[in-house]
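J.:
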Amino acid sequence: MDMGFETMPDMDLDRLSEVEVEGEGYSLYCKRGKRGGAKEDRYSATMGLQGKSKQAFFGVFDGHGGVGAAEFASKNLDRNIMKEVERRTSEEERIEKEHYSNYASCLSIVELLQIVERDLRGPDIDNLSIIDLVHLEEQLQAALMGARSTKTHMMLQSISSLHEK
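The numbering of the sequence shown is my numbering, which starts it at 2 and goes up by one.
(1) Which of the three DSSP states, helix, strand or coil, is assigned to Lys32?
(2) According to DSSP, which residues form a beta bridge with Tyr27?
(3) Provide the residue span of the beta strand (DSSP E) that contains Gly147, from first to last.
(4) How big is the Cα-Cα spacing for Thr47 and Val86?
(5) Could you tell me the distance, in whole angstroms, from the CA atom of Gly60 to the CA atom of Lys76?
(6) If contacts are defined as beta-carbon pairs under 8 angstroms, then Ala71 and Phe62 qualify, I think. What distance do you get, rounded to the angstrom?
(7) If distances are taken between C-alpha atoms only, which option among His100, Gly66 and Glu21 comes closest to His154?
This is the structure:
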């Protein structure tokens, strides 16, 4: 799965007294403190997330919890965040398709009204039983509930997209 990550140059950060990196749209500079010792902080710069030039992930990770934790976060956090974003996006798309499929499989209210009208005006009007009428009423109720559910879902989706903007 390609998430549009640009790779960062590998450096032996522990041995350098200064780190200076320039990339397209960002730069980084870090200098070892006066205490000396190994540099424990790490960074990551991921450009072009999801193929979009204006989306990026920048992180500076403090090594006070150990260089291993900072190293792990700098190499994995951006990818883990993007995997979760993609997982949620595909789950939302699956739910949306499922709702549409359910909606499309139901007869439209217009079609049900036409069936009712045809049955009530047809030559067999005397042959309709209470059970037939109850069945038609149930079909109308189901179609109405489906239409209301779809309308509510579409309104919530519109509100959500407006909040994101």
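Backbone N, C-alpha and C fix where the C-beta goes; we use that ideal spot for every residue, glycine too.
Since the model is a prediction, treat every value here as computed from it, not as a measurement.
T.: The structure says:
(1) By 1-based counting over the sequence shown, the position of residue 32 is 31. Residue state, collapsed to three classes: strand.
(2) Start at 1 with the first residue of the sequence shown, and residue 27 comes out as number 26. In the DSSP output, where bridge partners are listed per residue, Tyr27 has Gly24.
(3) The count along the sequence shown starts at 1 and reaches residue 147 at position 146. Not the beta strand (DSSP E): Gly147 falls in the alpha helix (DSSP H), residues Ile131 to Glu165.
(4) On the sequence shown, residue 47 is found 46 positions in, with the first residue counted as 1. On the sequence shown, residue 86 is found 85 positions in, with the first residue counted as 1. Distance between the alpha carbons of Thr47 and Val86: 15 angstroms.
(5) By 1-based counting over the sequence shown, the position of residue 60 is 59. By 1-based counting over the sequence shown, the position of residue 76 is 75. Across the structure, Gly60 and Lys76 are spaced so that their CA atoms are roughly 10 angstroms apart.
(6) Numbered from 1 along the sequence shown, position 70 holds the residue referred to as residue 71. Numbered from 1 along the sequence shown, position 61 holds the residue referred to as residue 62. At roughly 4 angstroms, the Cβ-Cβ gap stays under 8 angstroms, so Ala71 and Phe62 are in contact.
(7) Counting from 1 along the sequence shown, the entry for residue 154 is found at position 153. It is His100 whose Cα lies nearest to the Cα of His154.
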